[in-house]
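Q:
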Amino acid sequence: MPVPRSIPELKNFLDKHAQEFGKINGEEVVSVKEDSVEVAGVCVPQKLYYKALVMGTALSYSKSQILVSGLTLFLADVNVWDDEPIPKPADQGWYTTEFLAVVPDNIYQLACSRAQAIGFNKSDLLTYALHLFVDSPGINAMYDAWMQASCEKYNANPQYIELKVLGWLKYQARLKRYQMSLEAGHFIEKAKLL
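Sequential numbering from 1 applies to the sequence shown in our numbering.
#1: Is there contact here, the stretch 90–102 with the stretch 12–20, by at least three beta-carbon pairs under 8 Å?
#2: If I follow the unbroken beta strand (DSSP E) through residue 95, where does it start and stop?
#3: Helix or strand or just coil, what does DSSP make of residue 101?
#4: Whole angstroms are fine: how far does the CA of residue 166 sit from the CA of residue 50?
#5: Bridge partners of residue 85, per DSSP?
#6: Looking at the structure shown, is residue 188 part of a helix, part of a strand, or coil, going by DSSP?
#7: With DSSP run on the structure shown, which of helix, strand or coil describes residue 181?
#8: Three-state secondary structure (DSSP) at residue 3?
#9: Which residues does DSSP pair with residue 68 in a beta bridge?
#10: What would DSSP say about residue 42, mapped onto helix, strand or coil?
#11: In the DSSP assignment, what residue or residues form a beta bridge with residue 27?
#12: Check whether the Cβ atoms of residue 96 and residue 43 sit closer than 8 Å, and answer yes or no.
#13: Pull the bridge partners of residue 37 from the DSSP assignment, please.
#14: Using the C-alpha atoms, what's the distance from residue 87 back to residue 127?
#15: Considering residue 91, what are the terminal residues of the alpha helix (DSSP H) in which it resides?
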């Protein structure tokens, strides 16, 4: 099968093989972006929310990427697959802050299924996943290196740098709300935005 070298050849290839590549009986075996799900209405502890957000933002992760990373770590955690009970990551009263994200449906469904099997609800799942993200040695090493460089660059302490990151996040959220409100022709009142 020759590699297409022009737009018409590429179009012909795509038309000819649309039902063939990556499909069995016309059904996609794997889908990356098309099968995403919005995770909404699931709350986590506020301090954990901000810690994950600050660390992730410093490393150029979006909220969705933070959650995908945490869910992947959850599914890769041998403790999750053991027969030993896993303690709940927090008391229900601590789940106060919604973590809104878009993640691949297959990862989310697998994580939810495993969470249910070990007695976790969705807030327990997200809390556990975010703990795995913020406690990851690799994530911490990258974040610590970024923080050290930032402290040296701005001659500031880590708390001040984190405060500035949170301020930037708040500004970006309000800028997005403003832009969405202008597009909609009315103020968008939704508590959290993607």
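We treat Cβ as the ideally placed atom computed from N, Cα and C, and that holds for glycine.
A: Reading off the structure:
#1: no
#2: On the sequence shown, residue 95 is found 95 positions in, with the first residue counted as 1. That run of the beta strand (DSSP E) goes 95–98.
#3: Residue 101 sits at position 101 when you count from the first residue of the sequence shown. Reduced to three states, the DSSP call for residue 101 is strand.
#4: For the purposes of this step, residue 50 is identified with residue 50 of the sequence shown, where counting begins at 1. For the purposes of this step, residue 166 is identified with residue 166 of the sequence shown, where counting begins at 1. For residue 50 and residue 166, the distance between alpha carbons rounds to 8 Å.
#5: Here the question's residue 85 lines up with position 85 in the sequence shown. According to DSSP, which records beta bridges pairwise, residue 85 is partnered with nothing at all.
#6: Counting from one through the sequence shown, the residue named residue 188 turns up at place 188. Coil at residue 188, not helix or strand.
#7: Locating residue 181 in the sequence shown gives position 181, counting from the first residue. Helix at residue 181.
#8: Along the sequence shown, read from residue 1 onward, the residue named residue 3 stands at position 3. It is coil, neither helix nor strand.
#9: Position 68 of the sequence shown, counted from the start, is the residue given in the question as residue 68. Answer by DSSP bridge pairing: none, since residue 68 is not bridged.
#10: Locating residue 42 in the sequence shown gives position 42, counting from the first residue. Here residue 42 sits in coil by DSSP.
#11: One-based indexing of the sequence shown puts residue 27 at position 27. DSSP, once it has assigned bridges, lists 24 as partnering residue 27.
#12: Reading the sequence shown from its first residue, position 96 is the one you call residue 96. Reading the sequence shown from its first residue, position 43 is the one you call residue 43. Yes, the Cβ-Cβ distance between residue 96 and residue 43 is below 8 Å.
#13: Stepping through the sequence shown from its first residue, residue 37 is reached at position 37. Per DSSP, 103.
#14: Indexing the sequence shown from 1 puts residue 127 at position 127. Indexing the sequence shown from 1 puts residue 87 at position 87. In a straight line, the C-alpha of residue 127 is about 12 Å away from that of residue 87.
#15: Along the sequence shown, one-based indexing puts residue 91 at 91. That residue, residue 91, is in no alpha helix (DSSP H); it is neither H nor E in DSSP.
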